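From first to last, the protein sequence lines stand for chains A and B.
If you count the first sequence from 1, position 21 lands on 21 in my numbering, and the numbers rise without skipping.
If you count the second sequence from 1, position 9 lands on 1009 in my numbering, and the numbers rise without skipping.
The beta-carbon is built from N, C-alpha and C at its ideal position, and this holds for glycine as well.
Just so it is clear, the structure is predicted and the values come from calculations on it, not from any experiment.
Since the structure comes first, as C-alpha cells, the remarks are kept for the end.
Number of protein chains: 2
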Amino acid sequence: MGTTKSEGFSEEVNELASLFKAMGHPARIAIIQFLRTQEKCICTDLVNELPLAQPTISQHLKELKNAGIIQGSVSGTSICYCLNLEKTNVLDAFLASLKYDQNPTCC
Amino acid sequence: MGTTKSEGFSEEVNELASLFKAMGHPARIAIIQFLRTQEKCICTDLVNELPLAQPTISQHLKELKNAGIIQGSVSGTSICYCLNLEKTNVLDAFLASLKYDQNPTCC
DNA sequence: TTATAATATCGTAATATTGCAATATAGCAA
DNA sequence: TTGCTATATTGCAATATTACGATATTATAA
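Following this line, the structure appears as C-alpha cells:
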C-alpha cells in the first residue's frame, strides 16, 4: 500500500484526479499564478519569487509539465514556461458540472 | 522534509492548494461524481460502488469533509453526505481567472 | 437486553512526496 | 578554451499518504 489504487476507476476519473493532484501544492499554485500575471514567461524568476531552492522549483515545474498544465520552450540558456489552458479547462468543466446536476434538497 | 512548505506562500495560495489536493485522488473524484448524480445523498452505497474497503472509503470521506468539499448529516444509523459547492466555487473561480489574464503571445 | 447494521478509528506495512545539497549538463560570452 | 549562467538530475533524509484488517462506536430492531 501507499500506492493509489487506479484500477476500478474510469479513465476520466483517473485523469481528473491526477490533474487535481498536480495542482495540489502551494508552490505549484504559486507558479501557475505567476505565469498568469507575468507578461513574459519565466524560469529563474521563480527562484527569486518562491521560498524554495532551485532544485525544488525545477521539480515542481517538471510535475506541472508532466501533467500538461504548463509548457516549456527552450530559449537560449533559459526556458520559457507558459500555461496550457487545455488541461485546466478539463478541470473547469468538471467543476462546472457539479453546479447543474445537483439536488437542492439534499442533507 | 517530506513536509510541504506553506510558510512564504499566501493564505490564498495555501487554501487553493489544499482544496486541489483534497480532490487529487480517484476515490475522492469518484465520490464527488457519485454525489453529483445520485438523487439522495449516500454512505454505504460507496462501499458497493468503489473498489475500496470500507475503512478506506471512510478515510476519504473524512478528508473531503475536512476540506469542506462535502458535508455529512447524521440520519439514524447512517450518514447522509452531500456536496458543498462553496468550496468548489473557489477552485472554479481560480481556474476561470487563468483564462482572462493570459498573454496570448507566450512561448 | 441482544443482535445487527452503518461508520469510524487504530495500528501498521508499503509506498509516495517533499526539499535540498551536491553535482551534472548545456548554451553563450570572453 | 575558460568561465559563467540557467536549469536539470541524483541521492538522500524526513515525512505524508494509501489501503486495509481488526476493532470500536452508535443507533435502531427484535
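Is there at least one Cβ from chain B nearer than 8 Å to residue i's Cβ?
i: L61 of chain A; result: no
i: G2 of chain A; result: no
i: L64 of chain A; result: no
i: A53 of chain A; result: no
How many angstroms separate the CA atom of residue i from the CA atom of residue j?
i: T1044 of chain B; j: I1079 of chain B; result: 9 Å
i: E15 of chain A; j: R1036 of chain B; result: 18 Å
i: I1042 of chain B; j: C1082 of chain B; result: 8 Å
i: I32 of chain A; j: I1057 of chain B; result: 31 Å
i: K21 of chain A; j: S1018 of chain B; result: 10 Å
i: V1013 of chain B; j: P26 of chain A; result: 6 Å
i: K65 of chain A; j: T1077 of chain B; result: 46 Å
i: N89 of chain A; j: N1089 of chain B; result: 15 Å
i: L1091 of chain B; j: F34 of chain A; result: 17 Å
Taking residue i as the query, report the chain B residues whose CB atoms sit under 8 Å from its CB, ordered along the chain.
i: E11 of chain A; result: Simply none; closest approach about 10 Å.
Residue i touches chain A at which residues, Cβ-Cβ below 8 Å?
i: G1076 of chain B; result: Ordered by position in chain A, no residue passes the 8 Å Cβ test against G1076 of chain B, which lies about 14 Å from the chain.
Using the beta-carbon of each residue, which ones in chain A are nearer than 7 Å to residue i?
i: S1006 of chain B; result: P26
Can you pull the chain B neighbours of residue i, defined as C-beta to C-beta under 7 Å?
i: K99 of chain A; result: L1085
Quick check on residue i: buried or exposed, where buried means 16 or more other Cβ atoms within 10 Å of its Cβ?
i: A1053 of chain B; result: exposed
i: K62 of chain A; result: exposed
i: K1099 of chain B; result: exposed
i: P51 of chain A; result: exposed
i: Q59 of chain A; result: exposed
i: G1024 of chain B; result: buried
i: A30 of chain A; result: buried
When you compare the CB of residue i with every CB in chain A, is at least one pair closer than 8 Å?
i: A1067 of chain B; result: no
Exercise for review: Could you name the residues of the stretch 1023–1050 of chain B whose beta carbon sits closer than 9 Å to any beta carbon of chain A, in the order they occur along the chain?
Suggested key: Within the stretch 1023–1050 of chain B, the residues whose Cβ lies closer than 9 Å to any Cβ of chain A are, in chain order, M1023, G1024, H1025, P1026, A1027, R1028, I1029, A1030, I1032, Q1033, L1035, R1036, T1037, Q1038, E1039, K1040, C1041, L1050.
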